[in-house]
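Numbering (our numbering), first residue to last: 84 to 335.
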């Protein structure tokens, strides 16, 4: 059995209870060593064999999985955050299906959730933004033109940018071309929930400068939108005494 497990957003104790249990039961762990907190390996049992996929190809990862399966062993494929975001898991799952190897998927806490926690912010504020765009800047690997940052920026929604910290000058140009104001609030969150976490509030126009001043080149998320300021929002109707719900009548 192969278990794809989300490692969580950084801190070792932010893995799910199920994910921790699966790590403790695994005979083989293949983890994304470039980003996964190595402290998570403390949950493994004695004798568990560990592979760092940062130095492996897809074919090498699959060979380890197949060998473990042939020996009747349980494997955990440990991905950063939640595997559904930039985890490259579909190609692994398709290969396992072709080979008739059973697998399942254990979700994790994504770093975009960890970044919001670090900033103590809510992404969806009434009358400010009710949508979150999760995307990345096109770099060595392309992004479909219909999903360019410029096109998403036209909506003015909250935007969370993965894998874009090293391309902030180009990213800023795209954000401005799409419609964000230069003074639109923005934030940089470096290694959210890790011990060396750093958070910086800036603007769209000063993103590149802010990252340069603090020597942040990778392992950071960029958050853009008026919600970053956490101001100017309307009261939620959910707990408004004048608003009736299925569980509570209006009280005025």
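Note that beta-carbon positions come from the ideal geometry of N, C-alpha and C, so glycine has one too.
Report the three-state DSSP secondary structure of residue 300 (helix, strand or coil).
-> coil
Of the residues 195, 95, 236, 180, the one placed nearest residue 161, counting alpha carbons only | Of 195, 95, 236, 180, the residue nearest in Cα terms is 95.
Cβ neighbour criterion (16 or more within 10 Å) applied to residue 226 | The residue in question, residue 226, is exposed, as its Cβ has fewer than 16 Cβ neighbours within 10 Å.
Got a sec, what are the start and stop residues for the beta strand (DSSP E) residue 241 sits in?
-> 241-245
Go ahead and pull the three-state DSSP assignment for residue 226.
-> coil
Indicate the three-state DSSP secondary structure (helix, strand or coil) for residue 327 in the structure shown.
-> coil
Specify the secondary structure class of residue 293 as computed by DSSP and reduced to three states.
-> helix
Within the same chain, show all residues whose beta-carbon is closer than 6 angstroms to that of residue 134, passing over the 5 residues directly before and after it, in chain order.
-> Contacts found: 113, 147.
Beta-carbon separation (whole angstroms), residue 211 vs residue 315, contact threshold 8 angstroms | 6 angstroms
Does the stretch 304-313 come close enough to the stretch 322-333 to have 3 or more Cβ pairs within less than 8 angstroms?
-> With the cut-off at 8 angstroms, the stretch 304-313 and the stretch 322-333 do not touch.
Write down the C-beta distance between residue 91 and residue 191 rounded to the nearest angstrom, noting that I regard them as a contact closer than 8 angstroms.
-> With 8 angstroms as the limit, residue 91 and residue 191 qualify as a contact, their Cβ atoms being about 5 angstroms apart.
Can at least three beta-carbon pairs, one atom from the stretch 233-247 and one from the stretch 196-215, be found at a separation below 8 angstroms?
-> At 8 angstroms Cβ cutoff, the stretches touch.
Which residues in the same chain have their Cβ closer than 7 angstroms to the Cβ of residue 182, if we skip the five residues on either side of it in sequence?
-> 149
CA-to-CA distance, residue 292 to residue 255, given in whole angstroms = Going from the Cα of residue 255 to the Cα of residue 292 covers about 11 angstroms.
Among 221, 228, 230, 102, nearest to residue 127 - alpha-carbon criterion = 102
Quick one: does residue 222 have its CB under 8 angstroms from some CB of chain C?
-> You won't find chain C in this structure, because it holds only one protein chain.
Cβ separation of residue 159 and residue 88, assumed to be a contact under 8 angstroms, to the nearest whole Å | 5 angstroms
CA-CA distance, residue 300 and residue 335?
-> 54 angstroms
To the nearest angstrom, report how far apart residue 138 and residue 144 are at their CA atoms.
-> 10 angstroms
Give the DSSP-derived three-state secondary structure of residue 85 in the structure shown.
-> strand
Quick one: using the 10 Å Cβ neighbour count with 16 as the cut-off for buried, is residue 274 buried or exposed?
-> buried
Provide the residue(s) that pair with residue 160 in DSSP beta bridges, ordered along the chain.
-> 87, 113
Which residues in the same chain have their Cβ closer than 8 angstroms to the Cβ of residue 220, if we skip the five residues on either side of it in sequence?
-> 226, 232, 244, 246, 247, 250, 253, 254, 257
Report the three-state DSSP secondary structure of residue 281 (helix, strand or coil).
-> In the three-state scheme derived from DSSP, where H, G and I count as helix and E and B as strand, residue 281 is classed as strand.
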